[in-house]
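Per our numbering, residue 33 is the first one in the sequence shown, and the count goes up by one each step.
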Amino acid sequence: MTADELSQRYRAYIACLNAQDWRNLGTFVGDAPHYNGRAITLADYRAMLERDFREIPDLFFDIELLIAEPPTIAARLRFDCTPKADFMGLPVNGKRVVFCENVFYAFREGKIDNVWSVIDKAAIEAQL
């Protein structure tokens with residue numbers, strides 16, 4: 033996969049998340065991905081995302097920065113949202129917060145195989 037193809041694939045994955053098109057998540061994520069070093073299943077990954085959307089009804093993944101170097105994607109995702117209750121152990125409780133996630137993905141055979149994610153919790157804390 034070229035860098036352009038990988039970027040397009042990643043953008044389609046983000047569109048799948050924003051549409052909450054869970055039936056097609058397996059088109060982009062492997063059956064046994066790793067998330068921050070922990071082996072999980074595709075069903076675990078889907079459950080994590082579904083929980084995020086339940087807890088943050090206006091969740092929207094906005095790609096702020098995207099670098100593709102096959103088989104790896106590096107992205108900075110921006111979120112402007114209102115979590116309903118506690119979020120990352122913080123009492124957000126419906127307050128609008130803006131924060132970013134720095135995330136790296138390793139693809140294998142066209143699907144996400146590894147995800148390493150760091151969310152800027154300090155940015156959220158500063159807004160509360």
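We put the CB at the ideal spot given by N, CA and C, even for glycine.
> Hey, out of Leu74, Ala158, Phe85, whose CA is closest to Leu49's CA?
Replying inline: Phe85
> When DSSP builds the beta bridges, which residues end up paired with Lys143?
Replying inline: Arg140
>> Under DSSP, the alpha helix (DSSP H) around Phe85 begins and ends at which residues?
In response: 74-87
>> Taking the alpha-carbon of Leu38 as reference, which of Val150, Ala100, Asp145 has the nearest alpha-carbon?
In response: Ala100
> How do the segment 52-69 and the segment 128-136 stand: do at least 3 beta-carbon pairs fall below 8 Å, yes or no?
Replying inline: no
>> Whether or not the segment 92-110 and the segment 70-79 are in contact is what I'm after, with contact meaning three or more pairs of Cβ atoms, one per stretch, closer than 8 Å; do they touch?
In response: no
> Going by the CB atoms, is the gap between Pro115 and Glu87 shorter than 7 Å?
Replying inline: yes
> Expressed to the nearest angstrom, what Euclidean distance is found between the alpha-carbon atoms of Ala47 and Val135?
Replying inline: 16 Å
>> Since Trp54 and Arg78 should fall inside the 8 Å C-beta cutoff, what is the C-beta to C-beta distance between them, to a whole number of angstroms?
In response: 6 Å
> Buried or exposed: Ala107, going by 16 or more other Cβ atoms within 10 Å of its Cβ?
Replying inline: buried
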